[in-house]
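For the sequence shown, our numbering assigns the number 588 to the initial residue and increments by one for each residue that follows. All C-beta atoms, glycine included, are put in the ideal place defined by N, C-alpha and C. None of these values were measured; they are calculated from a predicted model. Following: one structure in structure tokens, then a few remarks.
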Amino acid sequence: MARVKPKRHGVVTDMTAMCDVAFLLLTFFILTTQFKKPDAEQITTPSSVSTQKLDDTNLMTISVTPDGRFFFTPTVTPTEREQVLDLMAGEYRIGFTDAQKKAFKNASAIGVPMKQLPSYLDKSEDVRQSIKGVSIPMDSVNKELTSWVKYSLQANPEAKLAIKGDAKAQYPQFKALFDGLKEIEFYKFVLITSSE
Numbered sequence: 588m589a590r591v592k593p594k595r596h597g598v599v600t601d602m603t604a605m606c607d608v609a610f611l612l613l614t615f616f617i618l619t620t621q622f623k624k625p626d627a628e629q630i631t632t633p634s635s636v637s638t639q640k641l642d643d644t645n646l647m648t649i650s651v652t653p654d655g656r657f658f659f660t661p662t663v664t665p666t667e668r669e670q671v672l673d674l675m676a677g678e679y680r681i682g683f684t685d686a687q688k689k690a691f692k693n694a695s696a697i698g699v700p701m702k703q704l705p706s707y708l709d710k711s712e713d714v715r716q717s718i719k720g721v722s723i724p725m726d727s728v729n730k731e732l733t734s735w736v737k738y739s740l741q742a743n744p745e746a747k748l749a750i751k752g753d754a755k756a757q758y759p760q761f762k763a764l765f766d767g768l769k770e771i772e773f774y775k776f777v778l779i780t781s782s783e
């Protein structure tokens with residue numbers, strides 16, 4: 588009489604459990620990943636030989652277009668974004684609805700003056716992306732852009748600033764920006780470049 592080998596149910600069960608855990612982890616990572624939001628404008632950064640990677644943790648970004656317009660991207664944390672918006676609203680005496688605050692938390696970049704921000708946030712993301720020719724003011728009279736940086740630092744003292752300037756942007760725009768940052772005593776920032 589032939590001897591029958593016992594079935595190994597434990598191995599099959601263990602493999603099934605491992606597959607379940609793997610799929611659960613994969614689903615978790617897919618659902619919690621934050622995708623990079625598109626830039627407000629197409630910017631071609633100057634090239635450099637630096638190979639250092641930019642850590643985007645606690646990162647706020649200023650973008651400078653070829654024609655000298657400014658865009659600001661606050662840190663990605665929704666609570667910090669809401670704090671920054673509340674501080675800016677207090678300084679410029681502007682009120683925001685809950686829907687506008689929610690739109691601000693999800694916006695990729697801000698590129699309009701504060702007085703236009705409520706109507707800008709009322710528009711859909713697609714319409715906001717198509718608006719051209721506006722900028723956050725940054726000159727010797729109106730330094731609204733540095734207010735965004737100042738209040739972002741109040742909301743998150745660990746925030747870092749990266750400046751992404753187009754290679755064709757003119758020097759006076761950068762000088763106005765650097766002078767504004769100097770006035771709020773903020774001297775440490777990085778310039779984003781592309782590798783050669």
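Could you check which residue in the options has the C-alpha nearest to that of residue i?
i	options	result
Glu-731	Asp-709, Glu-669, Ala-676, Gln-687	Ala-676
Glu-678	Gln-670, Thr-684, Asp-685	Gln-670
Lys-702	Thr-644, Ile-723, Asn-645, Lys-692	Ile-723
Val-663	Ser-727, Tyr-707, Phe-657, Leu-748	Leu-748
Pro-700	Gln-760, Phe-657, Thr-603, Ala-686	Phe-657
Gly-698	Lys-640, Met-605, Lys-737, Met-725	Met-725
Val-777	Asn-743, Leu-641, Thr-614	Leu-641
Gln-716	Thr-666, Asn-693, Ala-742	Asn-693
Ser-683	Gln-741, Pro-661, Ser-706	Position check: residue 683 holds Phe in this sequence, whereas Ser was assumed. When each option's Cα is compared against that of Phe-683, the closest is Ser-706.
Lys-737	Asp-607, Phe-659, Ile-779	Phe-659
Ser-711	Phe-761, Gln-687, Phe-765	Gln-687
Along the chain, where does the alpha helix (DSSP H) that runs through residue i open and close?
i	result
Val-728	First-last for Val-728: undefined, no H or E at that position.
Val-651	From DSSP, Val-651 is part of no alpha helix (DSSP H) but of the beta strand (DSSP E) over 646-651.
Thr-798	Given that the chain is displayed from residue 588 to residue 783, the structure contains no residue 798 and the question cannot be resolved.
Gly-677	665-679
Locate the beta strand (DSSP E) running through residue i, then write down its first and last residues.
i	result
Lys-747	747-752
Phe-761	Note, Phe-761: premise wrong, no beta strand (DSSP E); alpha helix (DSSP H) at 758-770.
Thr-660	657-660
Assuming residue i and residue j form a contact by the criterion Cβ under 8 angstroms, report the distance between their Cβ atoms to the nearest whole angstrom.
i	j	result
Ala-696	Ser-650	7 angstroms
Leu-704	Ile-681	7 angstroms
Met-647	Ala-746	5 angstroms
Leu-672	Gln-741	Their Cβ separation, rounded to whole angstroms, is 12 angstroms, which puts Leu-672 and Gln-741 out of contact at 8 angstroms.
| query | For the stretch 717-736 against the stretch 767-781, are there 3 or more C-beta pairs whose distance is under 8 angstroms? | reply | yes
| said: Can you confirm whether the stretch 643-662 touches the stretch 744-761 when touching is taken to mean that 3 or more C-beta pairs between the two stretches lie within less than 8 angstroms? | reply: yes
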